[in-house]
Amino acid sequence: MANRNFLRAICAALVIVSAQVEAQSSPGEWTIPARDYANTRYSELTEVDNNNVGRLKLSFTFSSGVLRGHEAAPIVADSTMFVVTPYPNVLYALDLTRPGVPMKWRFQPKPLPASQGVACCDVVNRGAAYSGGKVFFNTLDGQTVAVDAHSGREIWRVRLGNINKGESMTMAPLVVKDKVLVGNSGGEFGVRGWLTALDSNTGRVLWRAYSTGPDAEVLLGPDFHPFYSQDRGTDLGMKSWPGDAWQRGGGTVWGWISYDPELNLIFYGTGNPGPWNAEQRPGDNRWTAGIFARDADTGQARWFYQMSPHDLFDYDGVNECILLDLDIKGSRRKVLAHPDRNGFLYLIDRTRGEVLSAKPFVNVNTISSIDLQTGRPQYVEAKRPVPGQTVHGICPHAAGGKDWQPSAYSPLTRLIYIPHQNLCQDEEVRPANYIAGTPYVGANVKMFAGAGGYRGAVTAWDPSSERAAWEVHEKFPVWSGALTTAGNLVFYGTMDGWFKALDAQTGRLLWSFKAGSGIIGQPTTYRGPDGKQYVAVLAGVGGWAGGVVSGKLDTHDSSAGNGWGSAMGDLPAHTNLGGMIYAFSLP
Amino acid sequence: MRFRFPEMLALAVVCTGTCGCTRERRDLSDVPPSASIPRLTPSQYDRQYQSNAYAMSQGKHLFEWFNCVGCHAHGGGSIGPALMDADWIYGDDPQSIYQTILGGRPNGMPAFNGRISQTQAWQLVAYVRSLSGQASKSASPSRSDSLQLKEAEQSQPRQQMQPAAPASSQHQ
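Sequence order for the protein chains is A and B.
FYI, this note's numbering numbers position 21 of the first sequence as 7, with every residue one higher than the one before it.
The number in this note's numbering is simply the position in the second sequence, starting from 1, with 30 added.
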């Protein structure tokens, strides 16, 4: 405890502190994919550091038995590691107290096989969450399940999504107090996005907040005070759409949720509006492609900010919101840092939704600037997709400056480590027909590497100077999450299978390990029952970027995988299917 | 033997009449949708669809219109498998593809029975087979109205199909 207070003192002395360095779990555990409610992915463990990481050795492995994209985080609680696989969403518990880390139990939820047909971007799952002796996770076919962490027995399950309407679930739940917060996927299927709170003891639905439609269903009441005038009005979730287009308008909630206990607010982004072809939905398309702040108990919205009003490029707003307290222009502000798909990193006052700054962290030619008076992006007309025309060289591409892959923040270096891609695209919009349960997109896309020729990068972003401290380039998009530690390290994986440790201060490569398959998972670190620090990651290439391998796409067609065909033709020569946990420690 | 111009012209007209008209034949009668495979002999299928440019051009249009393109892209695959390669989980023969389209398949292929007519289904079958070079070259689409994403169907090399597994032992 003394040690922890000391750390806190240091953080305070550094002026910039993460709001929630103290997680709801002990330093040795890692109970939710983002590690803490502030979504820092920062661990206080220091045994493995930038001096000794070169000696890091493989400690154990475990096969998931599945060969699709593994985006989940191995989480650790109560001397047990929990991992949920891609479809068929098997949940494994591994006993960390025994040699070889054997399986304690496995839970097979048996989701509907047909759900594979409504998963836009590989049959991924972004992880489970542990709280109070229960493990919560979502299944591809739209169920949330609670499993007893000790016995592996089902406590409850509830079906929330309907695959016949194109709904699936891929996100990791977040447990806040007695509520499990979960959202749907299916923004490419004309679904209507929502976030739902479930009773953690029974699975009963407590409230649901839609991302489109009438105020009563979006949970916009007297407490809703958006900072910008365009977001004030009645039923804007209907009026900013033509006709009843809001009913299939997307805004799905498939990314990350943060929680500020002091404000008692949750923060999360909403997905792209559907269809991609923006000509079919004139208007700002609220409340898609933006960030909601909601009361954690009632779900009632406090504020909303839209990064991409009338989104033109599939720029979902679901990326992580990292909660930080920063000194901005001389005064301490409660900030939410959000690296968006549109390529801008936003610093937003999380108490009221005011954009304090927005700077591009990648090459962006679709938006010239963000007007801080109105909060609106200035779209570049030459890059606006128009029917009957092909627009060339749109940067960033549909998956954005970065996609779901979560960043990490270190209070020691005061840097945000952003794993991302460097890709552009040519695009032509086409009429999209709505047929329930089938894609609702309406765009032909051809992706390719952006300036510099590299397709991925890790950028260490300094939010105080609003520029990159350093950047590491990778051949393929960096589709894995990032992890940072008090050992002054940053970990991430590459799609060709390298798991790497960098010096958090300089970005220098200190250690690497070649896994059997490309890495798109979220690395985590924990202290084992033996007292040693371990670093764990799932390998298993796939996801939207890796569908060329996991979905065996034929890249003679540039539009394969919604445009990745032209960008990833060489991936099969560099990696292969896999599904394996790798855990490392010092000898 | 030497042909003079009028004789050559006559020969050309006859050729166009016999070859060209088959290629361009349009059967505009239609039947209500049904999941049961209609009786269609291989030669009927070939004449009406697989060697018929109009049918395959319609198929290409329907492939986008009914969102096939959303899952299979322009043959390279996406949510659903690629259709321009030699791997066919449920068989590459016209009857199997017809059944796949109308009846759906358990791992995510939705059933289009009730949404499209039999003729449209066969037009789609013919077009889908052209993606892997299994249709008549002279009748396969030679161009796209959209962004150039791949070689035209007409230029697609014929894939060497794997022999289909017996129906009872089909996996997945």
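Every residue gets a Cβ at the ideal spot worked out from N, C-alpha and C, and that includes glycine.
When you compare the CB positions of residue i and residue j, do they come within less than 8 Å of one another, or not?
i: residue 53(B); j: residue 141(B); result: no
i: residue 509(A); j: residue 557(A); result: no
i: residue 478(A); j: residue 382(A); result: no
i: residue 89(A); j: residue 125(A); result: no
i: residue 158(A); j: residue 115(A); result: yes
i: residue 328(A); j: residue 255(A); result: no
i: residue 265(A); j: residue 431(A); result: no
i: residue 273(A); j: residue 290(A); result: yes
i: residue 61(A); j: residue 160(A); result: no
i: residue 238(A); j: residue 170(A); result: yes
i: residue 106(B); j: residue 114(B); result: yes
Tell me whether residue i sits in a helix, a strand or coil according to DSSP, three-state version.
i: residue 117(A); result: strand
i: residue 339(A); result: coil
i: residue 132(B); result: helix
i: residue 108(A); result: strand
i: residue 155(B); result: helix
i: residue 133(A); result: strand
i: residue -11(A); result: For residue -11(A), the pLDDT reaches just 48, beneath the cut-off of 50, and the residue's location in the model is therefore unreliable, leaving the point undetermined.
i: residue 452(A); result: coil
i: residue 236(A); result: strand
i: residue 273(A); result: coil
i: residue 7(A); result: Any reading at residue 7(A) must be qualified, since the residue scores a pLDDT of 38, below 50, and its modelled position is unreliable; no value is offered.
i: residue 113(B); result: coil
i: residue 550(A); result: helix
i: residue 183(B); result: helix
i: residue 265(A); result: helix
i: residue 190(B); result: coil
i: residue 439(A); result: coil
i: residue 40(A); result: helix
i: residue 556(A); result: coil
i: residue 99(A); result: helix
Which stretch, first to last residue, makes up the alpha helix (DSSP H) that contains residue i?
i: residue 72(B); result: 72 to 75
i: residue 142(A); result: Residue 142(A) -> not in any alpha helix (DSSP H); beta strand (DSSP E) instead, spanning 140 to 145.
i: residue 90(B); result: 83 to 95
i: residue 531(A); result: 529 to 536
i: residue 202(A); result: 201 to 204
What span of residues does the beta strand (DSSP E) with residue i cover, start to end?
i: residue 101(B); result: Segment 98 to 102 is the alpha helix (DSSP H) holding residue 101(B); no beta strand (DSSP E) there.
i: residue 44(A); result: 43 to 49
i: residue 406(A); result: 401 to 407
i: residue 571(A); result: 566 to 571
i: residue 278(A); result: 276 to 281
i: residue 500(A); result: 495 to 500
i: residue 222(A); result: First-last for residue 222(A): 222 to 225, but that is the alpha helix (DSSP H), not the beta strand (DSSP E).
i: residue 58(A); result: No beta strand (DSSP E) holds residue 58(A); DSSP gives it neither H nor E.
i: residue 394(A); result: 394 to 396
i: residue 246(A); result: 243 to 246
i: residue 89(A); result: 89 to 93
i: residue 67(A); result: 66 to 70
Who are the neighbours of residue i on chain C, taking C-beta pairs under 8 Å?
i: residue 103(B); result: Among the protein chains in the structure shown, which are A and B, there is no chain C.
*Stretch-stretch touch, CB-based, cutoff 8 Å, three pairs: the segment 39 to 50 of chain A with the segment 491 to 507 of chain A*: yes
*In chain order, what residues of the segment 87 to 99 of chain B put their CB closer than 9 Å to some CB of chain A?*
94, 95, 96, 97, 98, 99
*asked:* With three or more beta-carbon pairs closer than 8 Å as the criterion, would you say the segment 21 to 33 of chain A touches the segment 131 to 140 of chain A?
replied: no
*Answer yes if the segment 222 to 237 of chain A comes into contact with the segment 167 to 185 of chain A, meaning at least three C-beta pairs across the two stretches below 8 Å, and no otherwise.*
yes
*Does the pairing of the segment 156 to 175 of chain A with the segment 102 to 109 of chain A give three or more beta-carbon distances under 8 Å?*
A contact exists between the segment 156 to 175 of chain A and the segment 102 to 109 of chain A.
*asked:* Closer than 7 Å between beta carbons: that is the criterion. Which residues of the segment 128 to 143 of chain B meet it against chain A?
replied: Near chain A, meaning a CB-to-CB distance below 7 Å, the residues of the segment 128 to 143 of chain B are 136, 137, 138, 139, 140.
_Using a Cβ-Cβ cutoff of 8 Å, what residues of the segment 113 to 125 of chain B are near chain A? List them in chain order._
114, 115, 117
*Check distances from the C-beta atoms of the segment 143 to 166 of chain B to those of chain A and list, in chain order, the residues that come in under 8 Å.*
145
*Are the segment 393 to 407 of chain A and the segment 206 to 222 of chain A in contact at 8 Å, needing three or more beta carbon pairs?*
no
*Cβ contact check for the segment 68 to 85 of chain B and the segment 143 to 160 of chain B: 3 or more pairs under 8 Å*: yes
*What residues from the segment 425 to 456 of chain A come within 7 Å of chain B, judged by C-beta to C-beta, listed N to C?*
425, 427, 430, 432
*What residues in the segment 540 to 564 of chain A bring their beta carbon closer than 7 Å to a beta carbon of chain B?*
540, 541, 542, 543, 544, 545, 546, 547, 548, 551
_Under 8 Å: do the segment 186 to 203 of chain A and the segment 346 to 366 of chain A share three or more Cβ pairs, one atom per stretch?_
no
*Is the segment 168 to 188 of chain B touching the segment 533 to 550 of chain A, taking contact as three or more C-beta pairs under 8 Å?*
yes
*Compile a chain-ordered list of the residues in the segment 176 to 192 of chain B whose CB is closer than 9 Å to at least one CB of chain A.*
176, 177, 178, 179, 180, 181, 186
*Is it true that the segment 489 to 500 of chain A meets the segment 378 to 392 of chain A, where meeting means three or more beta-carbon pairs spaced less than 8 Å apart?*
At 8 Å Cβ cutoff, the stretches do not touch.
*Name, going along the chain, the residues of the segment 362 to 378 of chain A whose beta-carbon falls closer than 7 Å to a beta-carbon of chain B.*
376
*Any 3 or more C-beta pairs closer than 8 Å across the segment 512 to 528 of chain A and the segment 479 to 487 of chain A*: yes
*Mind listing which residues of the segment 400 to 427 of chain A have their C-beta closer than 7 Å to chain B's C-betas, in chain order?*
412, 414, 416, 419, 421, 423, 424, 425, 427
*Taking three-plus beta-carbon pairs below 8 Å as touching, is the segment 183 to 193 of chain A in contact with the segment 330 to 342 of chain A?*
Contact between the segment 183 to 193 of chain A and the segment 330 to 342 of chain A is absent, because fewer than three Cβ pairs lie under 8 Å.
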